[in-house]
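Protein chains in written order, with numbering that gives the first Met the number 0: chain Z, 0 to 285; chain E, 0 to 528; chain W, 0 to 305.
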Amino acid sequence: MSSAIPQRSAVVLMWRRLRRRPVVAGAAMVLVALVVLAAAAPYVAPYDPFILIPGGTLHPPSRQFLFGTDELGRDIASRVVYGTRISLQIGFVTVGISLLFGTIFGLLAGYYGGRIEGAIMALMDVLLAFPQILLALAILAMLGPSLTNAMIAVGISGVPVYARTARGVTLALRSMDYLDAARAQGAADLRILLRHVLPNMIPPIIVLATAGMGISLLVAAGLSYLGLGAQPPAPEWGAMLSEARAYLRNAWWMATFPGLAIMVVVLSLNLCGDWLRDFLDPRLRT
Amino acid sequence: MVAWRRLARIVLLGVALLVLFPLPRLYAQPRVGGELVLVSGQEPDTLDAQKTSAAVTGTLMRYLGDTLVTKDLKGNYTAGLAKSWSVSRDGLTWTFQLKDNVKFHDGTRFNAQAVKVSIERAVAPETKSPIAGALFGPVASVQVTGELAVVLKLKEPFSPFLDNLTDPRAMIVSPQAVQQLGDRFGRSPVGTGPFKFQEWRSADRIIFARNPDYQWGPSYVHAGPPYAERLVLRIVPEDASQVAAFERGELSILTAPPTDVKRLQATGKYQLSTFLRKGVGLFLEFNVTREPFSDLRVRRALNYAIEKKSVLAIALEGLGEEAYGPLPPSIWGYWDGITSYAPGYDPAQAKKLLAEAGWRPGEGGVLQKDGKPFAFTIFIAPIDTWRRSAQIVQAQLRAYGIQMDIQTFEFGTLLAKFRAGEQQGGFMGYTYTSPDIVQLWFHSSNIGTGLAFSHYKDPALDKMIEASRTEVDQQKRLAIYRDIQKYIVDKALWVPLWTNTNYVFIQPSVQGAKLHPDGFVVVNDASLR
Amino acid sequence: MQAYLARRFVLLVPTVFGVTLAAFLMLHLTPGDPVAIMLGEFASKTDVTRLRRDLGLDQPLVMQYVRFVERAARGDLGTSIRSRRAVTAEISDRFPSTIGLTLAAMLLAISVGVPIGVIAATTKHVAVDSAAMAFALLGLSMPTFWSGLLLILFFSLKLGWLPITESEGIRALILPAVALAAPAAAVLARITRSSVLEVLRQEYIRTARSKGLVERLVIYRHAVRNALIPVLTIVGLQFGGLLAGAVIVESVFARPGLGRLAVSAILARDFPMVQGVVLVVAVMYVFVNLSVDLMYGFLDPRIRYQ
């Protein structure tokens, strides 16, 4: 198991490697742009995403309305821009939930072993026995449809993957007698976990989180598409696609731009995820 | 010389054409066979006419069942399962002579006993009938006075009675099937209609088969069974898919969504009939038992605040009329003074009323009262025109500093929630043939069981509604309905939004389908080429 | 082999136990009173008591669970609140549609994904490899509900080649299967590629090559066959993904399958129905994974002796 890479050299190294992969660099820039757009949405968006422009229904893309307008006369470009906020929120909240609980469960299972491990991993196995969307659906059924609940559901459904990885890392460390040494020196459990185990977990978790964020975005947008996530008039991309269904023939732009937005973001996350995996965990390089 | 040759060529061509495409034989019998495919966005809640609250079930029952009395294509009452009827002078005793040789689809005989069982089931409290029970109104008893003679006794005169008897949900159901099937009757109904139930594939289609024994049809269709072999109702939730399917020939008849009307019309391929919907297409209904709409001033304020014109223009592409009261112009009893009587778009008046009710603009222009922002949630069904209208209303109210959230439920769930009074407000629409609909929507006896979703209890209103039902003089009845409409507008129980014009497109291959004034397609005479 | 089989089956017991427990607990973990949610808060007292009794909620939790499993084993998953039909009847109505779609998508994913992976791994042209992988990445990043809409737009609306609302027959299966298969094909292509590359680096391939075997023979006889074993596991995992993806694809194409059933049951708060679908799909998924494991053991002799 590779130990944590010292920070500054890692950044320099990343930068050097990135320069040789323009596509990945582009993807990284897309992600940076996403954050910037979300932060600057009110300044970037040409219109209020909720306002109905009088006489402005179903305009095709033009100089005035870059991505056209929707059936109610709202500017789609502005809605896509504001949608970045929701997507970022979805990405961070879902992955945050999965990561937090997954890591805690994995650490505890791997570190303590025995019954605790048995119980935690049995729970994870059960969760893994459900395909992710189905698990998210089941959780949503309990909580009721809303964007917040959809995020919680998607977050929970991602927990077992992180738990497995975290446990794997902890087990590997345990087998290296590395932890026993620390314990022999009188370190407390929590301290060992935080100081010695957690740092080693960062690289694989970053890889997982990057790719996982793409999947989370897809699942959450899918739930909104089904009417179980974001509710109108939220400019969530999946929900926008859902509304575009009735206008597929009359207004192609309504379905085109939100779909493209989802795809570009997920594609960028996947590209960066692949690259990070190669970079941080060379054994997996293909 | 050249001219002769040309003439000869034309004659020859003419002969060849005649041989290739023979002229249609005159008086040709319509072909028996084929499938008439209808479509609905919603799946019926049940096919039990007496337990349904879904409009689509009502439409299907037009084909599966028969009613004692029916209306012809001009809207005049005519014989259904009863060949004649009479009413006593006091309006309390109705006598029906039934048609002979009528059979239910399960083979049992239709007779006076069946009428008795059927009506008694509809009005029995344990049936919990949302609509059918109310149709029979104050029925006190059903007496069998002969194999084919029935006497209905009413507790009080009931003027909508004859009209109600023509409602598809007043159809006579097979007593044997009801008894044998119990709860399952709703999944395999048995009536006497031109089509009989064959199969219900959940979320996909409902299939009715031609009833070969059908000889007792009403006067305005041909005697004998229908020509189509099958009548299929496809369940296709999305408007866009419905239109595309119709254009591909997968559907025979389509009520087109407003988004596609102009394009379909421009093709010139289809037969088209239009009519103003019988019923208010969409209204925002307040629950008066919940904040903030327990306050009449707030309800009235919203009536002034919402601009219906753009709702109609955007959500319906202008294909309909603005609505003002509980009745549309397409239903008898409508009072045309309502358009000027009802509150019109007047933002200043709206703001004034809101301020009177204690709602004043606070931070960021959001209306506040006692430190609480003006925010409420309406429940709607996933219907495209509703969803669009909701978002327009939402955007309009936002300009006043009112936050309206929208929550979507499947239609059946929506009805249950409204009945239970869980909503602050919600969208609804109805289709009905008589002004007696006000009884279902506004009489306090329908709170919790029927359609009185505003949960409004008012003895004065109840009394007016009761009077409208017992008054036999039609002119006096009209006056009562006028007062009811004014009263409901005064109490601002709804914000009526629009009534849509229906555009019914029929494939060129379908011959002989007729549009009934009550807003459904009569298919007995329809044949497929 | 038999010992292995037996061991796998024993391992199955806790998982199936857990899955049934999870489905069962859904009702109890729901915040608030599920009966009130189902019936609405102003429901009459008798209705509430009756539904409680029907759902067995008046008994101790353990008894309820035992009864739930016992009935489920007999094929009784309760009655749908909405349609008043047996949950199993509703599910079996929809089952064939979903299975047909999933299998068609699986076949499509394998027959497109695996060859792309093999080609990408064995080609000498960097451009071909990059193109194949870019294609796979695209497949992975396209939301199925978007690709589904685009497919409808082009093939049904613009070209009019394929039906939109039909739910029966092969022609009606094509577009949804393509939309559903795309991400799975992408995953398979990526896994196949790396697996083949891995094998090509192995000692025995080098030996084979040094023995002078023709390159193509080396690739197909040795490398690909061995490389496909790990791919098989992924196929199993993807099957679950496809079942879940069917939820969305069925909604896009208005197919009357289990997925749409689950979504409408959630919107209608029809808990017995949701429980039923979740349970059936999860159990199916568990058994698919089991059979994949068994096949894996069959194909890779090393596993039998573990």
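Cβ coordinates follow ideal geometry from the N, Cα and C atoms, glycine included.
Computed from a predicted model, the values in this text were never measured in an experiment.
Just to check my reading of the structure: residue i and residue j have Cβ atoms closer than 8 Å, yes? What is that Cβ distance to the nearest angstrom?
i, j, result
"Z:Ile-204", "Z:Tyr-161", "7 Å"
"Z:Pro-45", "Z:Ser-77", "6 Å"
Quick one: Cα of residue i to Cα of residue j, how far?
i, j, result
"E:Thr-266", "E:Val-260", "10 Å"
"W:Ile-90", "W:Leu-24", "20 Å"
"E:Leu-165", "E:Thr-69", "The amino acid occupying residue 165 of chain E in the given sequence is Thr; Leu does not appear at that position. Their backbone Cα atoms lie some 5 Å apart in a straight line."
"E:Leu-450", "E:Val-36", "30 Å"
"E:Pro-167", "E:Val-122", "15 Å"
"W:Ala-183", "W:Ala-126", "23 Å"
"Z:Ala-260", "Z:Leu-33", "10 Å"
"Z:Leu-216", "Z:Ser-86", "7 Å"
"E:Phe-285", "E:Ala-354", "19 Å"
"W:Val-117", "W:His-124", "13 Å"
"E:Val-101", "Z:Met-239", "54 Å"
"E:Gly-90", "E:Phe-157", "7 Å"
"Z:Phe-91", "Z:Leu-207", "13 Å"
"E:Gly-185", "E:Gly-132", "16 Å"
"W:Glu-40", "E:Glu-421", "Residue placement at W:Glu-40 cannot be trusted, given a pLDDT of 46 that sits under 50; what the coordinates show is reported in the next sentence. Approximately 7 Å between the Cα atoms of the pair."
"Z:Ala-187", "Z:Ala-121", "27 Å"
"E:Lys-351", "E:Tyr-399", "11 Å"
"E:Phe-292", "E:Arg-468", "29 Å"
"E:Arg-61", "W:Ala-131", "58 Å"
"E:Phe-207", "W:Leu-174", "29 Å"
"W:Leu-158", "E:Gln-241", "17 Å"
State the DSSP-derived secondary structure class of residue i, mapped to helix, strand or coil.
i, result
"E:Tyr-26", "Any reading at E:Tyr-26 needs caution, since the residue's pLDDT is 47, under 50, leaving its predicted position unreliable; the model's value is listed next. DSSP places E:Tyr-26 in coil when its eight states are reduced to three."
"Z:Glu-235", "coil"
"E:Lys-73", "coil"
"E:Gly-424", "strand"
"Z:Pro-203", "helix"
"Z:Leu-65", "coil"
"E:Ser-433", "coil"
"E:Ser-173", "coil"
"E:Ser-87", "coil"
"E:Lys-351", "helix"
"E:His-515", "strand"
"W:Ile-265", "helix"
"Z:Asp-74", "strand"
"E:Val-521", "strand"
"E:Pro-372", "strand"
"Z:Leu-57", "coil"
"Z:Arg-20", "coil"
"W:Glu-40", "Residue confidence is low: W:Glu-40 scores 46 on pLDDT, short of 50, so the model does not pin down where it sits. No coordinate-derived value is stated."
"E:Arg-359", "strand"
"E:Trp-493", "strand"
"E:Val-31", "coil"
At a cut-off of 8 Å, would you count residue i as near the ligand ATP, judging by its Cβ distance to the nearest heavy atom?
i, result
"W:Arg-84", "By its list of ligands, the structure shown contains no ligand whatsoever, and the ligand ATP lies outside what it can speak to."
Between the region 116 to 132 of chain Z and chain W, which residues of the former have a C-beta closer than 7 Å to a C-beta of the latter?
-> Ala-121, Asp-124, Val-125, Ala-128, Phe-129, Pro-130, Gln-131 and Ile-132
Residues in the region 32 to 50 of chain Z having any Cβ partner in chain E nearer than 9 Å | Phe-49 and Ile-50
Taking Cβ-Cβ distances below 7 Å as the criterion, which residues of the region 144 to 157 of chain W are in contact with chain E?
-> Ser-155 and Leu-156
Which ranges does the alpha helix (DSSP H) cover as unbroken runs of at least 4 residues, wholly within the region 93 to 166 of chain E, from first to last along the chain?
-> 111 to 122, 131 to 135 and 160 to 164
Check distances from the C-beta atoms of the region 402 to 430 of chain E to those of chain Z and list, in chain order, the residues that come in under 8 Å.
-> Asp-404, Ile-405, Gln-406 and Thr-407
Length-filtered (3 minimum) beta strand (DSSP E) runs lying within the region 252 to 327 of chain E | 252 to 254, 270 to 275, 281 to 285 and 319 to 321
Please specify which runs of the alpha helix (DSSP H), each continuous and at least 4 residues long, are wholly inside the region 197 to 255 of chain E, giving them in chain order.
-> 238 to 246
Report the residues of the region 239 to 265 of chain Z with a CB closer than 8 Å to any CB of chain E, ordered along the chain.
-> Glu-242, Arg-244, Ala-245, Tyr-246, Leu-247, Arg-248 and Asn-249
Taking Cβ-Cβ distances below 9 Å as the criterion, which residues of the region 219 to 230 of chain Z are in contact with chain E?
-> Gly-226 and Gln-230
Whole runs of the beta strand (DSSP E) within the region 390 to 416 of chain E, excluding any shorter than 3 residues = 402 to 407
What residues in the region 241 to 271 of chain E bring their beta carbon closer than 9 Å to a beta carbon of chain Z?
-> Val-242, Ala-243, Pro-256, Thr-258, Asp-259 and Arg-262
Output, in sequence order along the chain, the residues in the region 189 to 216 of chain E whose CB is closer than 7 Å to any CB in chain W.
-> Arg-200, Ser-201, Ala-202 and Asp-203
Pull out every residue of the region 203 to 219 of chain Z whose Cβ sits closer than 8 Å to any Cβ of chain W, in chain order.
-> Gly-213 and Leu-217
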